[in-house]
Each structure stands twice: as C-alpha cells, then as structure tokens.
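Q:
Protein chains in written order, with our numbering: chain A, -11 to 282; chain B, 1204 to 1585.
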C-alpha cells in the first residue's frame, strides 16, 4: 500500500503581531490578578495558580509581567487568550480562563450576561475576523464544558433508583448535544486552520466564519436546551456552575452574530456565494479548498 | 475521566485529490452531455452496470487497493474526492457501491488469498457487484439475533434462513451473508461467520419487495439448504461479528450520509438562479454551513481510516448528524416552493423523490436510535 499522504493543519500560537500583543497583555493581566490579588476562582487553589503561571511562562508571555492596565481592552483581548488557550494549555486551564473572562467582563446582574457584548466590529478586517474566530473558539470551549458538566451530573444523580445516565431518553439527548458540539468544533477548527494558513486577509475566511457562526449558533441552542434539561432545577440556579457556561454561550453567540451583521446575513451571504458559483456543491468545495483557491 | 468530547482534527485534501476532482467533474460533464444517464436517485437506487464498468476502466473502482489485486494504490482522500463528486452529481453508482465501499475491503482484510485473487480484481473492473446479507425478518437493529444458520457438510456449508431488505439482490452477483455457525456465547457476538453466496445459484431464491415509492430495489433472499463451498467462508469461522463491525466505519462516515438531499438543494438553486429571494438565500446558506461542518468531519474520518485507526464512534456521529440534516432539508425546501416562479420540473421531481425516500435515510446503515446509542456509549453513558 502507498504511504499515507495526509497533511494535518496545525494551529500556531500567534495570528499576527498585533493580536499577539493583545494576547500577551491580557494574559499577563490575568496571571497577575490571580497571582497578586488572589481574585477569581483559583484564589484558594495555589497549585492551579502556580500552574497558570507556568503556562504563562511556557507560552513565552512571562516577560510581559507585570501587566499594563488593559482593562478597557479586556473582553476582546481575552477572546484571543482563549483562542490560544484551547490549543496551548490543558482543558482545565482553558476552563479557568473562561471563568476569568466571564468574571472580568460582566457584572452580577443576570440580565447583563446576554446583552453586554460589544457589537461594534473593529475597523480592521483582520482584527474583526480574529475576534469572530475567537468567539467561535470560546463557544466551542464553553459548549464542551457544559457538556462535560452534564455528563458528570447524569452519572451521579439518581431518580427511580438509578442514575439518570441509565435512561435511554437522557442518553439520546446528550448524544444529540455532543453531535452539535462536534460540528461546531470541527467548523471552528476549519476556520482557524484557514486563518493560520492564509492570515486574516484570506478571501475565503469571512465565508468560513459565516458558516461557523451559523453552525455554532445552532449548537448553542441545542446545548442550552439539553444541558439544562438533564440537570433539572439545579442547573437553573446561581449556586451551580452550569449557568456560567450557559450565559457565556449566550453572550458570546450574541457578540459573534453581531460581529457578522446578524445570523440571517451570514446565511444570505453563503447562499449568494452558492448562487454565484452556480451550485451549492461547487461553491462549497471551492470555499473549503485551501491555498491555491482558484 | 474519559475523553467526553469528540474531536475531529482538520485535514485537507492533498493536491492530487483536487486534481482528480477536476478530472471526475470533466468526465461526469462529458457523460451527461452524451446523454448516457440522467442525474437522479442516490447510491442505493441509481443502478447502471455500464457506468460502473466505465469507472472501472478509468481506475476509479478499488482505488485504494493494492495493485496486485487490481487496485490502484491511491489515497483514501483521493477516493473520497471521487465519491463526493459522483454523489454530488447523482451519478448511477448503485451497482458497484457496496462492493467498492465494503465488500472489497472486507475480502482484502479477512479473505483468503484465493478469494482476494478471484473476486477483488473483478470488483475493481466493475464486473461483479455485491449485496449486504445482514438484516433478517426478525433481526434489524439487533443484528446479533440473526437465525440464518450455516452447518458444515462435506466440502463446505449448507445455509438455511432468510435475509431481507437486500438491495439489488436481483441484479447483483454475490451477497456477503452473515450466518450463525456456532454458539452465541454470553456476548451473543460469538459463533457468527460470513460467506460469499452466489445470488444466481439455483438453490438461492430472490423475491422482490416493492418500496412505498413504487420502486423495486429491495429483495428478500431465501436460503433453503443452499450449498456454499468451503472456500466461500470469509475469514475464520466464528469471527463474523468482528468482521461485520469493521465494515461500519466505511459504511457510516462517507458523503452518502449527508448528500442524499443535494439534488433537491441544487434543483432549487438552479430554478431560482440570480432571482433567488432572501428566504431562499438563507435556506441555501444554512444548508451550506452545515454541509461544510459535515464534510470537514467526513474528511477527518477518511484520513483517520487511512492512518489505520478505526473511528467507528466518529462515523456513527457523522451519520446521525448527516441523516438528520438531510431529512430537515426536505421540510425547509418544500416550504420554499412558493419562492420559485414557477417551480421547475426538476425541483418538483427531486422534492417528491426526497420526500418518499426520506424514511429510509435514517434507517439504512444503522438507525438513528442505534447511532445515538453508540455515541452515548462513547460519552461514557452506557
């Protein structure tokens, strides 16, 4: 048999100098806050804080400490952090960062969670694409976190004398959610690979981001539905962790769609692309083709 | 804690696969221009042996198989590029589909040397076609409960039992029949074996089953003491379950699991053309987005298969997501009829066909319930 000829598209850490700088500043700010002030969820977990700092060093951001005051730039910069974090740090670290982002960028009033997203896209298309991609990456991570939490919960919680996980209705609901999560992650990774390979000015990146915004948007609906349903009332409380992920998902999706001009516009642009290509299939295959797009 | 999230790393088609895609498109355009066939149906319905032979002549069957067995030693992603284009064009691929997708790979993996020499090169030339012999009247999703039994006799085996939903058994040459040859054991997965059965043999009865669309693709196949020679046993006796499940990743992850509705979508697009309304653009765009995700995952599975992995779980996930997508499109595009001025015959035909065949999409190759059970097991819930 011939040798496999397969190229794995590897994400790299930095998109470009500007974004790397934003990431560096935000990352060091996070680390400093946790390390010096002991704020955030890791305050009582010294091992995790040390681990975070190690990660900062590993990523080469340590020289940026201590942080300049980047509070105004916080939410946007944190997006980039998450984009990096998902590929560069362990999952539990990514979750910590997600929590840090949430706490830093929103207030305590639940109504703020959904509507505090900034809707003004940065003037620079490169940065706008990175921001949308970052939101997709965040959504992917938060979906996975909500799903993991749900999987753990249904194995512990018993009703009718057995764990919820033993009920086929619960199994199938969570399978459906997992499928949507896998789709959101896959399409986000595709957009990321495009960004990494071709840069933020890539001609096909906006369409891939439109597609990711649609798939992830639908994924959020399914995850929000299923994960809360299997949790029962406890998932609807402030004391239990699920709401953090849910509210992150809702807020980040709002922002993502706002960045793209609205979900309907994303869909219409993709539809117009198919019409222009004289077919859905020709349009789709050329959109997914890297490098030498003709 | 087990890994709870399925990850599909991003793969790209290599340049030679994209080059092949261009060749296939040109070939299909020529065939259509020559009026050799009309686009329609799908991999399970659109049957044309002469088209299959033309693919064989071009080296487009058995693409990934070793040259010594008539294969062409191309990569899994080149084969994927080919199958995508054939399906997207609604070309008549049903004759060779099963043989090329799973019977050939099964024989190459588990078959004897003489079986590989006898059958595989003819599959690659598009000369012989295969059916799947798994389901029975009392065994659908619960495949391990099959009752067809093969008993050792002088010089071979005698098979008694019945298979059902055997697509194109009346036209194909062989079926790979799963039969019980020994005790089921506690797992119920022991004591099963696979046999190559000649569907034209005088001791095999093939009867038609007409589907609700009025078409004959299905058959029931009856073995009333059918004799099969010793050298038609595939692999080791009792190893049938493992062999059957090894076919599943090939069977479930391909583009046929999300492209069944493509003709309806393309017909709508062609009918609307540049006058497409925003509603229509939205529907096309949403379909396009989901297709990109599905296709990306399907490419991943093809690449993993080529790297020697067995992504059964990922394949089940893609099939459930893909066939649910296919079915959802029918309602969406049916509602768009009034956006077409007027709806074309192509659109109406594709809509009717999709609507009538839709129930089969979420049954064939594993029902959605079975697939969700597999995904749930992967999530650690079972």
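Glycine included, C-beta positions come from ideal geometry on N, C-alpha and C. Computed from a predicted structure; not experimentally measured.
(1) Can you name, in chain order, every residue of its own chain whose Cβ lies under 6 Å from the Cβ of residue 222 of chain A, other than the five neighbours on each side?
(2) Rounded to the nearest angstrom, what separates residue 1413 of chain B and residue 1436 of chain B at their Cα positions?
(3) For a contact meaning CB atoms closer than 9 Å, what does residue 364 of chain A contact in chain B?
(4) Considering only C-alpha positions, which residue in the set B/1489, B/1584, B/1484, B/1373 is nearest to residue 1405 of chain B?
(5) Grab the span of the alpha helix (DSSP H) containing residue 1371 of chain B for me, first residue to last.
(6) Does residue 1489 of chain B have its Cβ less than 7 Å from a Cβ in chain A?
(7) For the region 119 to 198 of chain A, which segments carrying the alpha helix (DSSP H) assignment without a break, of at least 4 residues, lie completely within its bounds, in sequence order?
(8) Mapping the DSSP letters down to three states, classify residue 1499 of chain B as helix, strand or coil.
(9) Under three-state DSSP, which class holds residue 1567 of chain B?
(10) List, in chain order, every chain B residue whose beta-carbon is nearer than 9 Å to that of residue 159 of chain A.
(11) Between A/233, A/196, A/153, which lies nearest to residue 212 of chain A when the distance is taken from Cα to Cα?
(12) Would you check if the region 1498 to 1514 of chain B and the region 1451 to 1460 of chain B touch, i.e. whether three or more CB-CB distances between them fall below 8 Å?
(13) If you measure from the beta carbon of residue 1324 of chain B to each beta carbon in chain A, is any gap under 7 Å?
(14) Taking residue 1478 of chain B as part of the alpha helix (DSSP H), name the residues at either end of that continuous run.
(15) Kindly say whether residue 1520 of chain B, judged by its beta-carbon, lies nearer than 7 Å to any beta-carbon of chain A.
(16) Tell me the start and end of each unbroken alpha helix (DSSP H) in the region 1254 to 1322 of chain B that is at least 4 residues and wholly inside, in chain order.
(17) State buried or exposed for residue 1312 of chain B, treating a residue as buried only when at least 16 other CB atoms are found within 10 Å of its CB.
(18) Taking just the CA atoms, how far does residue 1256 of chain B sit from residue 1203 of chain B?
(19) If we ignore side chains and look at the alpha-carbon of each, how far apart do residue 1445 of chain B and residue 1431 of chain B end up?
(20) Let me know the alpha helix (DSSP H) ranges lying completely inside the region 1419 to 1506 of chain B, each 4 residues or longer, listed in chain order.
(21) May I ask you to report which of helix, strand or coil DSSP gives residue 288 of chain A?
(22) Would a C-beta distance cut-off of 7 Å place residue 1564 of chain B and residue 1463 of chain B closer than the cut-off?
(23) Can you give me the C-alpha to C-alpha distance between residue 1533 of chain B and residue 1289 of chain B, rounded to a whole angstrom?
(24) From which residue to which residue does the beta strand (DSSP E) around residue 1383 of chain B run?
(25) Restricting to Cα atoms, I'd like to know which of B/1234, B/1377, B/1248, B/1209 is closest to residue 1416 of chain B.
(26) With a cut-off of 7 Å, does the C-beta of residue 1429 of chain B fall near any C-beta of chain A?
(27) Which value, in whole angstroms, describes the spacing of the CA atoms of residue 1282 of chain B and residue 258 of chain A?
(28) Ordered along the chain, which non-local residues of its own chain (more than five positions away) have a Cβ less than 7 Å from that of residue 1308 of chain B?
(29) Taking only beta carbons into account, state which residues of the region 118 to 135 of chain A come closer than 8 Å to chain B, listed in chain order.
(30) Let me know the secondary structure DSSP gives residue 1388 of chain B once reduced to three states.
(31) Kindly list the residues whose CB is nearer than 6 Å to the CB of residue 1549 of chain B, restricted to its own chain and excluding five residues on each side of it in sequence; keep chain order.
(32) With a threshold of 16 other CB atoms inside 10 Å of the CB of residue 148 of chain A, please say whether the residue is buried or exposed.
(33) Under 7 Å Cβ to Cβ from residue 1250 of chain B, same chain only, skipping five residues before and after it: list those, please.
(34) Quick one: is residue 150 of chain A buried, meaning 16 or more other Cβ sit within 10 Å of its Cβ, or exposed?
(35) Residue 1515 of chain B lies in the alpha helix (DSSP H); which residues open and close that run?
(36) Is any beta-carbon of chain B found at less than 7 Å from that of residue 260 of chain A?
A: Reading off the structure:
(1) Within the first chain, numbered from 1, the residue matching residue 222 of chain A stands at position 234. Hits under 6 Å: 228.
(2) Residue 1413 of chain B sits at position 210 when you count from the first residue of the second chain. Residue 1436 of chain B sits at position 233 when you count from the first residue of the second chain. So the alpha carbons of these two residues sit roughly 31 Å apart.
(3) Outside the shown range of chain A (-11 to 282) lies residue 364 of chain A, about which nothing can therefore be said.
(4) One-based indexing of the second chain puts residue 1405 of chain B at position 202. Nearest option by C-alpha distance: B/1373.
(5) Within the second chain, the letter at position 168 stands for residue 1371 of chain B. From DSSP, residue 1371 of chain B is part of no alpha helix (DSSP H); its letter is neither H nor E.
(6) Numbered from 1 along the second chain, position 286 holds the residue referred to as residue 1489 of chain B. Taking Cβ atoms only, chain A reaches closer than 7 Å to residue 1489 of chain B, which makes this a yes.
(7) 156 to 186
(8) The residue labelled residue 1499 of chain B in the question sits at position 296 within the second chain. Residue state, collapsed to three classes: helix.
(9) Mapped onto the second chain, residue 1567 of chain B falls at position 364. In the structure shown, residue 1567 of chain B sits in coil (DSSP, three-state: anything other than H, G, I, E or B).
(10) On the first chain, residue 159 of chain A is found 171 positions in, with the first residue counted as 1. Within 9 Å Cβ-Cβ: 1575, 1576, 1578, 1579, 1580, 1582, 1584, 1585.
(11) Within the first chain, numbered from 1, the residue matching residue 212 of chain A stands at position 224. Ranking the options by Cα distance to residue 212 of chain A, first place goes to A/233.
(12) yes
(13) Locating residue 1324 of chain B in the second chain gives position 121, where the first residue counts as 1. By this cut-off, residue 1324 of chain B is not an interface position.
(14) As a first step, residue 1478 of chain B is located in the second chain; it is residue number 275 there, counting from the start. From DSSP, residue 1478 of chain B is part of no alpha helix (DSSP H); its letter is neither H nor E.
(15) If you number the second chain from 1, residue 1520 of chain B lands on position 317. Closer than 7 Å to some Cβ of chain A, the Cβ of residue 1520 of chain B qualifies, so yes.
(16) 1279 to 1291, 1297 to 1301, 1307 to 1313
(17) Taking the first residue of the second chain as 1, we reach residue 1312 of chain B at position 109. With fewer than 16 other Cβ atoms within 10 Å, it is exposed.
(18) Only positions 1204 to 1585 of chain B appear in this structure, which leaves residue 1203 of chain B out of reach.
(19) In the second chain, residue 1445 of chain B corresponds to position 242, counting from 1. In the second chain, residue 1431 of chain B corresponds to position 228, counting from 1. Distance between the alpha carbons of residue 1445 of chain B and residue 1431 of chain B: 21 Å.
(20) 1443 to 1449, 1451 to 1455, 1465 to 1475
(21) What the structure shows of chain A is the stretch from -11 to 282, and residue 288 of chain A is not part of that stretch, so it cannot be assessed.
(22) For the purposes of this step, residue 1564 of chain B is taken as the residue at position 361 of the second chain. For the purposes of this step, residue 1463 of chain B is taken as the residue at position 260 of the second chain. In this structure, residue 1463 of chain B lies closer than 7 Å to residue 1564 of chain B by Cβ.
(23) Reading the second chain from its first residue, position 330 is the one you call residue 1533 of chain B. Reading the second chain from its first residue, position 86 is the one you call residue 1289 of chain B. Whole-angstrom Cα-Cα distance: 21 Å.
(24) Indexing the second chain from 1 puts residue 1383 of chain B at position 180. Counting along the chain, the beta strand (DSSP E) containing residue 1383 of chain B begins and ends at 1377 to 1383.
(25) Within the second chain, numbered from 1, the residue matching residue 1416 of chain B stands at position 213. It is B/1248.
(26) Position 226 of the second chain, counted from the start, is the residue given in the question as residue 1429 of chain B. It does not: the Cβ of residue 1429 of chain B has no partner Cβ on chain A nearer than 7 Å.
(27) Position 79 of the second chain, counted from the start, is the residue given in the question as residue 1282 of chain B. Position 270 of the first chain, counted from the start, is the residue given in the question as residue 258 of chain A. Using only the alpha carbons, I get a separation of about 27 Å.
(28) For the purposes of this step, residue 1308 of chain B is taken as residue 105 along the second chain, with counting starting at 1. For residue 1308 of chain B, where only same-chain residues beyond five positions count, the Cβ hits under 7 Å are 1453.
(29) 132, 135
(30) Locating residue 1388 of chain B in the second chain gives position 185, where the first residue counts as 1. If DSSP states are grouped into helix, strand and coil, residue 1388 of chain B belongs with coil.
(31) Along the second chain, one-based indexing puts residue 1549 of chain B at 346. The beta carbon of residue 1549 of chain B is closer than 6 Å to those of 1470 in its chain, skipping five residues each way along the sequence.
(32) As a position in the first chain, residue 148 of chain A is number 160, starting the count at 1. Residue 148 of chain A is exposed by the Cβ-count criterion.
(33) Your numbering for residue 1250 of chain B matches position 47 in the second chain. The answer, listed in chain order, is 1295, 1297, 1298, 1371, 1374.
(34) Here residue 150 of chain A corresponds to residue number 162 of the first chain, with the count starting at 1. Residue 150 of chain A is exposed by the Cβ-count criterion.
(35) Counted from its first residue, the second chain places residue 1515 of chain B at position 312. Here the alpha helix (DSSP H) through residue 1515 of chain B covers 1515 to 1538.
(36) Locating residue 260 of chain A in the first chain gives position 272, where the first residue counts as 1. True, the Cβ-Cβ gap to chain B drops below 7 Å.
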